[in-house]
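S.K.:
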Amino acid sequence: MKKTAPWILLALVIASVAVSKAVEPDDSWHEVKIRHLDATDVAQALVKESEDLAEALVRIDVRRNSILLDAESPSFGAAAKKLADLDQPPKLVIYKMEITEMVTRNDKTKERIVFRPTIHAMEGKPAEVTHQIDKERLLKISVVSTITSIAKGR
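FYI, in mature numbering (1 follows the signal peptide of the UniProt record, and there is no 0) the residues of the sequence shown are -22 to -1, 1 to 132.
1) For methionine 75, collect the residues of the same chain with a Cβ closer than 6 Å to its Cβ; drop the 5 residues on either side in sequence, then sort them by chain order.
2) By a C-beta neighbour count over all protein chains shown, 10 Å radius and 16 as the cutoff for buried, is aspartate 112 buried or exposed?
3) Let me know if valine 122 comes out buried or exposed under the rule of 16 or more other beta-carbons within 10 Å of its beta-carbon.
4) Between which two residues does the beta strand (DSSP E) containing valine 92 stretch?
5) Put leucine 116 into one of helix, strand or coil per three-state DSSP.
6) Could you have a look at glutamine 22 and say whether DSSP puts it in helix, strand or coil?
7) So the candidates are Asp16, Ala32 and Ser6; which of them puts its Cα closest to the Cα of glutamine 66?
8) Let's test the definition: count the other Cβ atoms within 10 Å of the Cβ of glutamine 110 and tell me whether it reaches 16, buried, or not, exposed.
9) For lysine 60, count neighbouring C-beta atoms within 10 Å of its own C-beta (all shown protein chains included) and say buried if the count is 16 or more, exposed if not.
10) Does DSSP put glutamate 27 in a helix, in a strand, or in coil?
11) Just to confirm, is the Cβ distance from serine 51 to lysine 11 under 8 Å?
12) Tell me which residue opens and which closes the alpha helix (DSSP H) that alanine 58 is part of.
13) Going by DSSP, what residues sit across from arginine 83 in a beta bridge?
14) With a threshold of 6 Å on Cβ separation, who are the neighbours of glutamate 79 within its own chain once the five nearest residues in sequence on each side are excluded?
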C-alpha cells in the first residue's frame, strides 16, 4: 500500500475545519476535548508524529476546541492516547539565578553577588526581572523557556 505524504494528511485535517458544519456526526466518531492547547496545533502535531495515527482523525471542531476520531479506525486507541499526552497544561518553570559582578581592586579580582532572583514563569512564556544596582545602573534580565510540548511531540 502506498503511503500518503504527511503534508497531504495535514492539509486534509485543516480542510476538515471548513466542512465540519456540513458533515453530520457519525455514531462511530469519538470526540476528544482539547483543554490546554489549540485543537488545530494538536492535530498538526499528531499528523507529524505518525501517518498511521493521522488516519484516525475525522475532523477538528474549532468552536468546541475538540478533535473527532473514528472509533472504528485501527489506530483509534493510539491516536486517543497521543492526543491525551499532547494536551497537557503548560509547566511552571523556576529560574534560580545568581548575578555577580567582577570587581578589580589593587590587582585583585573578586566576585561580588549583586542579585539572587528567583523567577517563576509558565513554559514558553517570557519572564523578566529588574534590579537597581545603584543610582545609575539598572540591571534587567529577560528569560524565556524554550521547552515546548508540541515541538518535542512528547
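Here a beta-carbon is modelled for each residue, glycine too, at the ideal position from N, C-alpha and C.
M.R.: Judging by the given coordinates:
1) In chain order, Pro95 place their CB closer than 6 Å to the CB of methionine 75, counting only its own chain and leaving out the 5 sequence neighbours on each side.
2) The residue is exposed, with fewer than 16 neighbouring Cβ atoms inside 10 Å.
3) Around the Cβ of valine 122, a 10 Å sphere holds fewer than 16 other Cβ atoms; the residue is exposed.
4) Segment 86 to 93, the beta strand (DSSP E) holding valine 92.
5) Three-state result, leucine 116: strand.
6) Looking at glutamine 22 - three-state DSSP - the assignment turns out to be helix.
7) Closest option to glutamine 66, judged by alpha-carbon separation, among Asp16, Ala32 and Ser6: Asp16.
8) Classification for glutamine 110: exposed.
9) In summary, lysine 60 is buried, with 16 or more beta-carbon neighbours lying within 10 Å of its beta-carbon over all protein chains present.
10) Three-state DSSP puts glutamate 27 in a helix.
11) It is not a contact, given that the beta carbons lie outside the stated cut-off.
12) That run of the alpha helix (DSSP H) goes 54 to 64.
13) In DSSP, arginine 83 forms a bridge with Lys86.
14) Excluding residues within five positions, the ones whose Cβ falls inside 6 Å are Arg90 and Val92.
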